[in-house]
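A short worksheet on the structure shown next.
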Amino acid sequence: MKSMESFGKRIIVAKLEKGEDLLDSLVALAKKYELISGFFSAIGALSEANIGFFEKGKYKSVKLESDLELVSCIGNISYREGEATVHTHMVVGDREGRAFGGHVLKGCIVSVTCEIFLMEIDRIIKRTEDEATGLFLLDL
Numbered sequence: 000m001k002s003m004e005s006f007g008k009r010i011i012v013a014k015l016e017k018g019e020d021l022l023d024s025l026v027a028l029a030k031k032y033e034l035i036s037g038f039f040s041a042i043g044a045l046s047e048a049n050i051g052f053f054e055k056g057k058y059k060s061v062k063l064e065s066d067l068e069l070v071s072c073i074g075n076i077s078y079r080e081g082e083a084t085v086h087t088h089m090v091v092g093d094r095e096g097r098a099f100g101g102h103v104l105k106g107c108i109v110s111v112t113c114e115i116f117l118m119e120i121d122r123i124i125k126r127t128e129d130e131a132t133g134l135f136l137l138d139l
């Protein structure tokens, strides 16, 4: 195990509007506030979800297009090659109460609202490529 100690710096609260992409918006927040690194939680509603499942070296995309509750979305913001990168997973629910979850990919579109609480930490977290998986993992 590798670990490090960090402290909370500030909290950023955001409300996404109808039509905004969840992943793009999180990256835009990091840039707007010049975020060092951080973690977040979000809830809301989506009209489209694009959820990934990592399999055989790449993400398999599962797309859902209907009214969906964003039941839970958690993740972190770190840096890869100097650019803010978001790693997040979510669970969405449909009108029948079925739940779907996985890695958040581009194409998760807000239908009504999405409320994000983002906690910045005081140390930069970087990601480097893991040769065994091809994934960019935390470099602690």
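Each residue of the sequence shown is one higher than the one before, counting from 0 in numbering that gives the first Met the number 0.
Glycine included, each C-beta is placed from N, C-alpha and C at the ideal position.
Cβ pair residue i, residue j closer than 8 Å
{"i": "L21", "j": "V103", "result": "yes"}
{"i": "D129", "j": "L139", "result": "no"}
{"i": "L28", "j": "L117", "result": "yes"}
Nearest to residue i (by Cα), restricted to the options the options
{"i": "T87", "options": "E64, F6, V26", "result": "V26"}
{"i": "C72", "options": "G101, S110, K30", "result": "G101"}
{"i": "I42", "options": "K57, I108, T84", "result": "I108"}
{"i": "N49", "options": "S36, S5, D23", "result": "D23"}
Own chain, CB closer than 6 Å to residue i, minus 5 neighbours either side, in chain order
{"i": "R9", "result": "E119"}
{"i": "I11", "result": "Y32, L117"}
Residue i versus residue j - alpha carbon distance
{"i": "E140", "j": "I123", "result": "One cannot answer for residue 140 here, as it falls past the ends of the chain, which runs 0 to 139."}
{"i": "S40", "j": "E68", "result": "14 Å"}
For residue i: DSSP bridge partner residues
{"i": "F99", "result": "V91"}
{"i": "V111", "result": "Looking at the DSSP assignment, V111 forms no beta bridge with any residue, so it has no partner."}
Beta-carbon contacts of residue i that lie in its chain and below 8 Å, excluding the five residues immediately before and after
{"i": "R94", "result": "S65, D66"}
Any chain C beta carbon closer than 8 Å to residue i
{"i": "H86", "result": "Protein chain content of the structure displayed is limited to a single chain, and chain C is not contained in it."}
Close Cβ partners of residue i (< 7 Å) along its chain, the five nearest in sequence each way excluded
{"i": "K1", "result": "L139"}
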